[in-house]
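The next block holds one structure in the form of structure tokens; read it before the comments.
Protein chains: 2
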Amino acid sequence: MKNQKRTTIYDIAKKLNLNASSVSRALSNNSNVSEATRKLILDTAKELNYKQNSLASNLRKGHNQTIGVIVPRINQNYFADVIAGIEEVTYQKGYNLVICQSNESSSREVKCVDTLINQHVSCIVISLSADFEDDKHLQTIREHGIPLIQFDRVAEHLDTFKVLNDNEQASIDAVTHLIEQGYKRIALLEGPQNLNIFRQRKAGYLAALEKHNFPILPELIKENAWTKELGAASTKELLSLPEPPDAIFASTSDFSALGVLEVATKMGLKVPEELGICGYSNEAFTEITSPSITTIDQYSVSMGKTIANLYFQEIESSDKDNTPKIVSIKPKLIIRSSTLKNNPEDLTTD
Amino acid sequence: MKNQKRTTIYDIAKKLNLNASSVSRALSNNSNVSEATRKLILDTAKELNYKQNSLASNLRKGHNQTIGVIVPRINQNYFADVIAGIEEVTYQKGYNLVICQSNESSSREVKCVDTLINQHVSCIVISLSADFEDDKHLQTIREHGIPLIQFDRVAEHLDTFKVLNDNEQASIDAVTHLIEQGYKRIALLEGPQNLNIFRQRKAGYLAALEKHNFPILPELIKENAWTKELGAASTKELLSLPEPPDAIFASTSDFSALGVLEVATKMGLKVPEELGICGYSNEAFTEITSPSITTIDQYSVSMGKTIANLYFQEIESSDKDNTPKIVSIKPKLIIRSSTLKNNPEDLTTD
DNA sequence: TTAATTTAAGCAATCGATTGCAATAAAAAT
DNA sequence: ATTTTTATTGCAATCGATTGCTTAAATTAA
Chain A
1 MKNQKRTTIY
11 DIAKKLNLNA
21 SSVSRALSNN
31 SNVSEATRKL
41 ILDTAKELNY
51 KQNSLASNLR
61 KGHNQTIGVI
71 VPRINQNYFA
81 DVIAGIEEVT
91 YQKGYNLVIC
101 QSNESSSREV
111 KCVDTLINQH
121 VSCIVISLSA
131 DFEDDKHLQT
141 IREHGIPLIQ
151 FDRVAEHLDT
161 FKVLNDNEQA
171 SIDAVTHLIE
181 QGYKRIALLE
191 GPQNLNIFRQ
201 RKAGYLAALE
211 KHNFPILPEL
221 IKENAWTKEL
231 GAASTKELLS
241 LPEPPDAIFA
251 STSDFSALGV
261 LEVATKMGLK
271 VPEELGICGY
281 SNEAFTEITS
291 PSITTIDQYS
301 VSMGKTIANL
311 YFQEIESSDK
321 DNTPKIVSIK
331 PKLIIRSSTL
341 KNNPEDLTTD
Chain B
351 MKNQKRTTIY
361 DIAKKLNLNA
371 SSVSRALSNN
381 SNVSEATRKL
391 ILDTAKELNY
401 KQNSLASNLR
411 KGHNQTIGVI
421 VPRINQNYFA
431 DVIAGIEEVT
441 YQKGYNLVIC
451 QSNESSSREV
461 KCVDTLINQH
471 VSCIVISLSA
481 DFEDDKHLQT
491 IREHGIPLIQ
501 FDRVAEHLDT
511 FKVLNDNEQA
521 SIDAVTHLIE
531 QGYKRIALLE
541 GPQNLNIFRQ
551 RKAGYLAALE
561 KHNFPILPEL
571 IKENAWTKEL
581 GAASTKELLS
591 LPEPPDAIFA
601 STSDFSALGV
611 LEVATKMGLK
621 VPEELGICGY
631 SNEAFTEITS
641 PSITTIDQYS
651 VSMGKTIANL
661 YFQEIESSDK
671 DNTPKIVSIK
681 PKLIIRSSTL
691 KNNPEDLTTD
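Just so you know, the sequences run in chain order A and B.
Under our numbering, think of the first position of the first sequence as 1, with each following residue one higher.
Under our numbering, think of the first position of the second sequence as 351, with each following residue one higher.
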């Protein structure tokens with residue numbers, strides 16, 4: 001079973017007393033084959049159960065209709081959605097996707113990059129792992145002439161194609177909303193600051209406070225409250241302060257926000273009256289919790305499509321060594337019950 | 351940028367006045383190269399920024415360390431988890447994953463199969479699209495000598511490797527649990543019956559009723575209530591019956607169960623006292639709803655690992671044309687508030 | 001009928017790495 | 001000192017498809 005020989009164009013050629021080149025031309029449907037022999041070739045190809053060997057074809061043609069994607073985790077909603085979006089577009093173009101997960105580890109990320117370079121993929125799409133520090137592997141990609149598109153978690157200083165969310169603006173929107181709802185002491189749960197997205201979200205938080213002349217209180221800013229558990233732990237600390245916050249912006253994720261909600265509920269705090277909660281990502285569950293959680297939608301599927309389109313429109317089509325574009329997608333604040341201190345009726349319905 | 355030439359083993363050979371074969375041997379780290387020249391070769395390889403061309407290597411070696419995966423949707427929790435599980439194992443073995451989504455369309459599924467055959471993948475892993483009818487494309491895979499592993503949604507009569515959940519048993523467990531809780535009229539939301547998994551779940555429902563001498567009431571069985579919306583619609587119909595059910599088993603998915611919950615809540619029915627609800631899949635949100643939803647965990651990540659291990663242990667390692675194994679994983683009933691009519695305190699805590 | 005043009009098919013090199021076999025050099029055994 | 005063995009390295013074919021170039025055949029023009 002394993003070592004069964006597969007039919008090649010030579011088998012077809014031999015059977016028809018033709019040359020392999022004619023078979024190749026007939027199958028590639030291009031040029032210079034008479035209709036009669038083309039039909040003959042197509043028929044025997046079907047009869048012999050012929051399937052092209054893409055390895056050989058790609059080797060000869062010097063390229064691979066394949067795009068490599070590296071994400072921290074495949075089974076995280078956001079990334080799964082982005083991948084689905086990419087796949088949607090690439091499929092139309094007859095391209096394939098090779099998907100790797102770095103598991104949030106940069107050493108593994110480096111290995112993924114290596115594999116993809118070896119595979120001669122046409123393009124590499126990447127979102128960095130949490131422990132990102134060194135961009136040497138990204139440089140290597142470029143040294144090998146492979147187009148590189150970074151998204152979401154990017155190495156900012158590196159001059160490549162990028163598809164981003166405007167995290168700072170989203171963050172400003174969220175905090176401004178909290179302020180407008182009358183919250184006075186707004187805490188921030190922040191993510192690893194080596195990642196651009198978390199730096200930007202923090203910047204947005206600070207900018208919004210500043211604009212409204214709110215003081216910046218270091219004790220209300222909690223580092224590295226990434227997961228539900230860490231979010232819960234930080235919330236306990238925050239709520240046991242002498243002057244606890246009356247709102248928490250979990251800028252890291254909705255999971256973190258969920259941790260906040262659970263702790264608050266357990267401590268008998270009323271949400272949103274006594275504590276406002278805002279998450280990030282618009283995970284499906286934020287709509288379902290009680291109260292439902294205000295959050296930020298990142299348009300993940302459409303980000304994926306944007307990435308793929310960027311490749312096909314800007315990179316693949318032009319032979320020029322064109323300057324990398326940066327596309328920024330404005331996320332949208334989804335206002336739900338967990339932050340409607342003033343007018344709980346005022347829900348956005350869509 | 352695009353057409354930049356990459357260093358090959360010939361470049362290295364030329365620079366060192368050696369033959370390409372020696373370079374190949376040195377790099378593959380195997381045999382018959384003196385330590386001195388090996389070091390020399392390794393050094394210049396690094397210096398010239400050499401990366402192997404897997405296309406050429408795989409073409410020559412006649413195989414591709416790649417496993418193709420076809421799923422209905424990449425960004426559906428269950429499938430994303432399975433893929434993550436597969437990836438976890440294959441990564442360890444140095445294999446790559448090519449992932450395709452059929453988008454629940456069998457015509458697209460056929461095209462995915464074609465691409466993967468062309469790519470000479472070492473194995474194809476598939477879960478069928480919802481409109482599955484014809485298994486010709488699966489036969490084609492076998493005709494080309496490519497090992498095939500089906501999982502979850504499978505063509506049962508086809509003799510291939512399979513990794514399954516015991517859907518029937520899970521279903522029996524769920525319905526039995528409902529009966530034990532004192533529910534008397536248990537409705538079923540069923541999925542497309544062309545898919546084995548939904549047939550099995552229905553069979554389990556029927557078996558459990560029969561065992562407890564419950565009558566089977568056709569008006570309590572709703573076809574094709576797959577999504578949240580369809581689940582909601584079916585629920586409305588069920589609850590407006592002269593004798594409405596006092597429990598609904600949404601065997602299709604947790605999303606469907608969510609639709610049930612929302613309709614029940616809206617109609618002022620108390621869950622679990624007046625209506626019991628059980629879902630399927632253990633989606634993250636089922637833990638969060640109020641009340642939390644009883645459901646069935648499919649061990650998706652570990653299913654993925656099982657699939658990959660099956661390949662490495664049973665297929666790749668043995669040269670024999672061995673008989674396909676079927677691995678069945680017993681899912682677990684997760685009992686939560688939505689079905690605890692008798693003793694709401696009696697929650698399983700883990 | 002002959003020359004010019006178009007069309008169809010074959011030849012052979014190529015993509016880059018691998019590998020069985022042959023050849024040479026070095027080391028060990030006699 | 002000579003033969004045998006072993007360790008290195010080179011040669012050349014191979015994997016399967018593609019493609020520029022050449023040749024042969026068929027069609028059209030003169």
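For each residue, glycine too, the CB sits at the ideal point set by N, CA and C.
Any C-beta of chain B under 9 Å from that of residue i
i, result
"residue 278/A", "no"
"residue 285/A", "yes"
"residue 348/A", "Residue confidence is low: residue 348/A scores 46 on pLDDT, short of 50, so the model does not pin down where it sits. No coordinate-derived value is stated."
"residue 305/A", "no"
"residue 159/A", "no"
"residue 165/A", "no"
"residue 109/A", "no"
"residue 29/A", "no"
"residue 106/A", "no"
"residue 80/A", "yes"
"residue 51/A", "yes"
"residue 89/A", "no"
"residue 342/A", "no"
"residue 84/A", "yes"
"residue 323/A", "no"
"residue 54/A", "yes"
Short Cβ contact (9 Å threshold) for residue i with residue j
i, j, result
"residue 99/A", "residue 69/A", "yes"
"residue 685/B", "residue 527/B", "yes"
"residue 633/B", "residue 604/B", "yes"
"residue 72/A", "residue 201/A", "no"
"residue 554/B", "residue 517/B", "yes"
"residue 443/B", "residue 114/A", "no"
"residue 12/A", "residue 424/B", "no"
"residue 665/B", "residue 473/B", "yes"
"residue 265/A", "residue 279/A", "no"
Buried or exposed (CB count within 10 angstroms, at least 16 for buried), residue i
i, result
"residue 617/B", "exposed"
"residue 591/B", "exposed"
"residue 562/B", "exposed"
"residue 543/B", "exposed"
"residue 494/B", "buried"
"residue 523/B", "buried"
"residue 596/B", "buried"
"residue 565/B", "exposed"
"residue 678/B", "exposed"
"residue 700/B", "For residue 700/B, the pLDDT reaches just 43, beneath the cut-off of 50, and the residue's location in the model is therefore unreliable, although a value from the coordinates is still provided. Exposed, because fewer than 16 other Cβ atoms sit within 10 Å of the Cβ of residue 700/B."
"residue 412/B", "exposed"
"residue 78/A", "buried"
"residue 313/A", "exposed"
"residue 360/B", "exposed"
"residue 136/A", "exposed"
Minimum Cβ-Cβ distance from residue i to chain A less than 9 Å
i, result
"residue 487/B", "no"
"residue 652/B", "no"
"residue 688/B", "no"
"residue 495/B", "yes"
"residue 504/B", "no"
"residue 520/B", "no"
"residue 632/B", "no"
"residue 375/B", "no"
"residue 640/B", "yes"
"residue 659/B", "no"
Taking only runs that begin and end inside the region 478 to 547 of chain B, name each unbroken beta strand (DSSP E) of 3 or more residues, in chain order.
498 to 501, 511 to 515 and 536 to 539
Any C-beta of chain B within less than 7 Å: which residues of the region 56 to 68 of chain A qualify?
56, 58, 59 and 64
Ignoring anything shorter than 3 residues or poking outside the region 641 to 680 of chain B, list the beta strand (DSSP E) runs there in chain order.
645 to 647 and 676 to 679
Positions along the region 256 to 271 of chain A whose CB lies within less than 8 Å of some CB in chain B:
258
Contact set between the region 440 to 453 of chain B and chain A, restricted to residues whose Cβ is under 9 Å from the partner
441, 444, 446, 447, 448, 449, 450, 451 and 453
I'd like the ranges of any alpha helix (DSSP H) spanning at least 4 consecutive residues and lying wholly in the region 404 to 452 of chain B.
404 to 411 and 427 to 442
Taking the runs of the beta strand (DSSP E) that are 3 residues or longer, which of them lie wholly in the region 218 to 274 of chain A?
247 to 250
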